[in-house]
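These protein sequence lines map, in sequence, to chains A and B.
Oh and the first sequence: position 203 is 203 in the numbering used here, straight run, nothing missing.
Oh and the second sequence: position 29 is 1029 in the numbering used here, straight run, nothing missing.
For glycine and all other residues, C-beta sits at the position ideal for the given N, C-alpha and C.
Following: one structure in structure tokens, then a few remarks.
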Amino acid sequence: MRIGVVTFPGSLDDTDAARAVRYAGADPVSLWHADRDLRGVDAVILPGGFSYGDYLRCGAIARFSPVMAELVPAARAGLPVLGICNGFQILCEAHLLPGALTRNAGLRFITRDVRLTVTNARTVWTSDYTTGQQLRIPLKSGEGAYAAGQATLDELEASGRVVVRYAGAAPNGAARGIAGICNEAGNVVGLMPHPEHAIDPLTGPSADGLGFFTSAVTALAGARN
Amino acid sequence: MSDKDTVEVAAATPELTQPFQELGLTEAEYGKIRQLLGRRPTAAELALYSVMWSEHCSYKSSKVHLRKLAPNEQQSANLLAGIGANAGVVDIGQGYAVTFKIESHNHPSFVEPHQGAATGVGGIVRDILAMGARPVAVMDALRFGPADAHDTARVLPGVVSGISFYGNCLGLPNIGGELAFDPCYAGNPLVNALCVGVMRHEDLKAAVADGPGNKVILFGSRTGPDGVGGASVLASATFGDDGDGRAKAKRPSVQVGDPFMEKLLVECCLELYTKGLIEGIQDLGAAGIACATTELSAGGSGGMRVSLDDIPLRDPNLTPAEILMSESQERMMAVVTPANVDAFLRVCAKWDVEATVIGEVTGDGVLTMTWRGGTVVEIPPGTAADGPVYQRPIARPADLDALQADTPDGLARPKDGLALRETLLALLGSADLADKSWVTAQYDHYVRGNTVLAMPDDGGLLRVDERTQLGIALATDGNGRYCRLDPYLGTQLALSEAYRNVAMTGARPFAVTNCLNFGSPEDPAVMWQLAEAVRGLADGCAALGIPVTGGNVSLYNQTGETAIHPTPVIGVLGVHDDVRRRVGAGFAADGARVVLLGRTREEFGGSAWAHVVHKQLGGHPPAPDLDSERKLAALIGSAASAGLLASAHDLADGGLAIALAESCLRGGRGCRIGLSGDAFTELFSESAARAVISVRPGREEEFAALCAANEVPATVLGVTGGDALVIDGSFEVPLDELARVWTRTLPALFG
Chain A
1 MRIGVVTFPG
11 SLDDTDAARA
21 VRYAGADPVS
31 LWHADRDLRG
41 VDAVILPGGF
51 SYGDYLRCGA
61 IARFSPVMAE
71 LVPAARAGLP
81 VLGICNGFQI
91 LCEAHLLPGA
101 LTRNAGLRFI
111 TRDVRLTVTN
121 ARTVWTSDYT
131 TGQQLRIPLK
141 SGEGAYAAGQ
151 ATLDELEASG
161 RVVVRYAGAA
171 PNGAARGIAG
181 ICNEAGNVVG
191 LMPHPEHAID
201 PLTGPSADGL
211 GFFTSAVTAL
221 AGARN
Chain B
1001 MSDKDTVEVA
1011 AATPELTQPF
1021 QELGLTEAEY
1031 GKIRQLLGRR
1041 PTAAELALYS
1051 VMWSEHCSYK
1061 SSKVHLRKLA
1071 PNEQQSANLL
1081 AGIGANAGVV
1091 DIGQGYAVTF
1101 KIESHNHPSF
1111 VEPHQGAATG
1121 VGGIVRDILA
1131 MGARPVAVMD
1141 ALRFGPADAH
1151 DTARVLPGVV
1161 SGISFYGNCL
1171 GLPNIGGELA
1181 FDPCYAGNPL
1191 VNALCVGVMR
1201 HEDLKAAVAD
1211 GPGNKVILFG
1221 SRTGPDGVGG
1231 ASVLASATFG
1241 DDGDGRAKAK
1251 RPSVQVGDPF
1261 MEKLLVECCL
1271 ELYTKGLIEG
1281 IQDLGAAGIA
1291 CATTELSAGG
1301 SGGMRVSLDD
1311 IPLRDPNLTP
1321 AEILMSESQE
1331 RMMAVVTPAN
1341 VDAFLRVCAK
1351 WDVEATVIGE
1361 VTGDGVLTMT
1371 WRGGTVVEIP
1381 PGTAADGPVY
1391 QRPIARPADL
1401 DALQADTPDG
1411 LARPKDGLAL
1421 RETLLALLGS
1431 ADLADKSWVT
1441 AQYDHYVRGN
1451 TVLAMPDDGG
1461 LLRVDERTQL
1471 GIALATDGNG
1481 RYCRLDPYLG
1491 TQLALSEAYR
1501 NVAMTGARPF
1511 AVTNCLNFGS
1521 PEDPAVMWQL
1531 AEAVRGLADG
1541 CAALGIPVTG
1551 GNVSLYNQTG
1561 ETAIHPTPVI
1571 GVLGVHDDVR
1581 RRVGAGFAAD
1591 GARVVLLGRT
1601 REEFGGSAWA
1611 HVVHKQLGGH
1621 PPAPDLDSER
1631 KLAALIGSAA
1641 SAGLLASAHD
1651 LADGGLAIAL
1661 AESCLRGGRG
1671 CRIGLSGDAF
1681 TELFSESAAR
1691 AVISVRPGRE
1701 EEFAALCAAN
1711 EVPATVLGVT
1721 GGDALVIDGS
1731 FEVPLDELAR
1741 VWTRTLPALF
1751 G
């Protein structure tokens, strides 16, 4: 099982995402932003960080990088893709997911261990969880407030595409407490909190985040059989 | 002056008046430069000497004292590079070397808090990078004027946002530091940034330009007009009483940071190191190209020829003097063999880092720079790299006897349980001791995935090797009040506290870095404080058997005649053999025996109680006890590796009362404590070499035996559990009330 992790200029959590892939029992494969090549991986993670320095707008430049020219059609064709934090921002900029991530309500960067509720356990990236399960995972972002038009928000909720919500008040002012969403097919998931920082209680608040990565491994193994 | 002031022109016009005083040089220093060169300096040379001989770069006032910090043979056992290198390097075993250093960015952070603090982080990170290491974490020791002062509301949020912006975007976890307030820092905030890096032994790099014919490459950001004269004009002079107006005029001297470029530069350098493409490397910080070229050539075979026309500029109108003095951020300079130049440039191109060959190493012992067809610099580089050394006059402060005689003995003390309870809450809610989440929540401490402990634990703890679980611990401490009362003892207390904090994680304290923040060296009383602090640090480190590996001196932290409290900030690095055996500060288990380690004396000079409750500073600080610190650290190390401890927390400002409250708050559980003797002294004295720990249930006898074997006095205080901090027969405070008082202070002040 090979899961690619893209490194853009300014990616920061790429080594962490690769570690999480290893913890989940798969092989991380490093993908370079400037290569139009997904190296035949079974799934892709867009990690956290400040790609291209967040210049212009978070994720706005990264979406035009060569690797995205390969990734976007592959994702539309069903390749599992997880975008974490800056990766979520890139997925929105690339129109693989609807909406946008905006400046935190308090206008400050927030690092906090947040409680999340899993609201959709049927996606490729959440199938090892159960609906309603509570997770404790770090959030760390300055522009993490999910925003979308009322119609989009209604549709996301009606179609079960809200994947995780902040339990209690959203610390960043996210619309309807949304912490993560998926596309219609459920293979593309964007998350604002960082599950790759919660894979081992030694270095994180819990190991609750590992499930996102094992879910993909389970789903991919099932698809192969 | 003509913008083409060449060496020939200078030789022919000896009588020309030059603006040496505006550049911060004295008449004697200017005369010395003329004597060294045998002619007047060119405008570019004058600029180069002025920044290289500034207090900030040359340590000309402190050097005679800093020599005392040279480690002895026993302290040097694990030292791979020491004082004088960009940063000290120690061998932590398993083939790993660790480099760490703390540096000030005080003056820029007052003038422009956000960029001043941001570039402070950037600068220290490049120091670590230049040693060959991957930077793995940062810490910040911050001191401001009164928490409720108008200007603190400008400076503090700006400094914190600058550190947050730069460090987070650079991808380095911020694992701890300090936050303190005192009127003495109004107008002179202290922003000290620490960075730590890890490498394999064989990766160690040197700042030398050797091998005639080798190419000199400047890479990273372009050189612009920002930060011109930062080292000489900004960091090496006192701001006037009209601080604000003067500060505004100095704003162009502050640099502007781009953490994204720094991240690219870090990854680019690490790839260059891995591919073996570098012979020597130097970061560009204070004094920019002037410093990098003189230090590289002075450290190597002694000669270098540089073409200033080849330096990529953001502003084509810069003069040679401005090019040399510019402190534009995110730049490095490397020495590369001709055969490796193409490969070097390819790696830079991969990372979108601009790189330009600007000169080459020569064997003639002369640093030569050409510009538009003329030679504008022609000097022996050693004369600029080795600045003047001053033996400044020293005098014990005239007011010190009176200050020491004004002991806190006569201050009104809390008489009953209710008053003790009020005292605890007053201290817990004071800005110095309150919850720091307002600050630390703006920093990413998770990135890179190796942070085992971070604020608010006593020390930061990082995993270095995922297979062996080898790790490093870090803490910084300083106490301006103690040092004002006695800089020798105060510095040893800061050293003791950082040493103790590192030990509390279960790590072995290993090496020391320091940032010496003082007033003007032209004041004999300040120089006495500096000399005493350095002597205290040298003696303290010798007693603890650990070396000072490097550091930084920041002088002129004063407004008019009024200097800050002498504030040496001491960083201690420890080695942790198995980070899975880490110990946190919070009470982690119910029913655990709570034990006080160490001996409590009646010591209130410079205490948080005197400061917060009575706004008083006088008397003598607590007595350091370095032998007991060593024993305490050894005990905690053994107990941690045997798995006996559920928590360990050092006692410092506010004494046992504050330590107990913090252990309750961090662990989310209460405790029931019984005290013998005078409750006020037991709770609030600040005697050194103490800690409060809780023992894993069932391991009490083993732990007691270990205390006896290590000769550490141990007093059983009580047991953890419940939802209140209970002092038997005196008072109790429910946890939610403790939390409310502790957490509300900083948000109420800063929003």
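Which residues of chain B have a Cβ atom closer than 7 Å to the Cβ of residue 50/A, listed in chain order? 1169 and 1260
Less than 8 Å between CB atoms is the rule here; does residue 47/A satisfy it with respect to chain B? no
Proximity test, Cβ basis, 8 Å: residue 1374/B and chain A: no
Interface positions of the stretch 1439-1452 of chain B facing chain A (Cβ-Cβ less than 9 Å), listed along the chain: 1440, 1441, 1442, 1443, 1444, 1445, 1446, 1447, 1448, 1449, 1450, 1451 and 1452
Along the stretch 1148-1167 of chain B, where does the CB come closer than 7 Å to a CB of chain A? Name the residues. 1164
Listed by chain order, chain A residues near residue 1275/B by CB distance under 8 Å: Going along chain A, no residue has its Cβ under 8 Å from residue 1275/B, so there is no contact; the nearest lies around 16 Å.
Comparing the CB of residue 1613/B with every heavy atom of the ligand ATP, is any distance shorter than 7 Å? With respect to the ligand ATP, the structure shown offers nothing to examine, as it has no ligands at all.
Mapping DSSP to helix, strand and coil, what is residue 1005/B? coil
Any Cβ of chain A within less than 8 Å of the Cβ of residue 1523/B? no
What are the residues in the stretch 1352-1364 of chain B lying within 9 Å of chain A by C-beta distance? 1352
Alpha carbon of residue 1223/B to alpha carbon of residue 1707/B, nearest angstrom: 59 Å
What residues are listed by DSSP as bridge partners for residue 32/A? 7/A
In terms of residues, what are the limits of the beta strand (DSSP E) holding residue 1526/B? Looking at the DSSP string, residue 1526/B is not in any beta strand (DSSP E); the run it does join, the alpha helix (DSSP H), is 1524-1544.
Under 7 Å by beta carbon: chain B residues contacting residue 108/A: 1442
Anything in the stretch 136-167 of chain A with a Cβ closer than 8 Å to a Cβ of chain B? List those residues in chain order, please. 138, 140 and 142
Relative to the C-alpha of residue 1051/B, which candidate in 1386/B, 1564/B and 1350/B has its C-alpha closest? 1386/B
So residue 1264/B contacts chain A; which residues on that side make the cut at Cβ distance below 8 Å? 9 and 10
By the criterion of Cβ-Cβ separation under 7 Å, what are the contact partners of residue 13/A in chain B? 1447
Can you tell me which of the three DSSP states residue 1390/B falls into? coil
Which residues, in order along the stretch 15-48 of chain A, keep a beta-carbon less than 7 Å from a beta-carbon of chain B? 15, 16 and 19
Hey, does residue 1463/B have any beta-carbon neighbour from chain A nearer than 8 Å? yes
Let me confirm a value: residue 1030/B is counted as buried when at least 16 other C-beta atoms fall within 10 Å, else exposed. Which label applies? buried
is_contact[residue 1579/B, chain A] using C-beta, thresh 8 Å: yes
Per-residue burial, residue 1479/B [other beta carbons within 10 Å of its own, 16 or more giving buried]: buried
Out of 1683/B, 1447/B and 1322/B, state which residue places its alpha-carbon closest to the alpha-carbon of residue 1415/B. 1683/B
Decide if the stretch 94-104 of chain A is in contact with the stretch 180-190 of chain A; the criterion is three or more beta carbon pairs, one per stretch, under 8 Å apart. yes
Separation of residue 1461/B from residue 1686/B, as counted between CA atoms: 25 Å
What does residue 173/A touch in chain B if you count any residue whose Cβ is under 9 Å from its own? Under the 9 Å cutoff, chain B gives no residues; its nearest Cβ is about 15 Å from residue 173/A.
Bounding residues of the beta strand (DSSP E) (the contiguous stretch that carries residue 1307/B): 1303-1307
I'd like to confirm the pairing. Which residues does DSSP put opposite residue 1215/B in its beta bridges? 1336/B and 1360/B
What residues of chain B sit near residue 56/A, judged by a beta carbon separation below 9 Å? Going along chain B, no residue has its Cβ under 9 Å from residue 56/A, so there is no contact; the nearest lies around 12 Å.
Cβ of residue 1251/B less than 8 Å from any chain A Cβ? Its pLDDT being 48, under 50, residue 1251/B is placed unreliably in this model, and the value from its coordinates should be taken loosely. Answer no: the Cβ-Cβ gap between residue 1251/B and chain A never drops below 8 Å.
Identify which residue in 1571/B, 1609/B and 1660/B has its Cα closest to the Cα of residue 1595/B. 1660/B
Can you list, in chain order, the stretches of the beta strand (DSSP E) that have 3 or more residues and sit fully within the stretch 1420-1446 of chain B? none
Less than 8 Å separating the beta-carbons of residue 156/A and residue 91/A? no
Compare the Cα-Cα distances from residue 1565/B to each of 1314/B, 1579/B, 1490/B and 1619/B and report the closest residue. 1490/B
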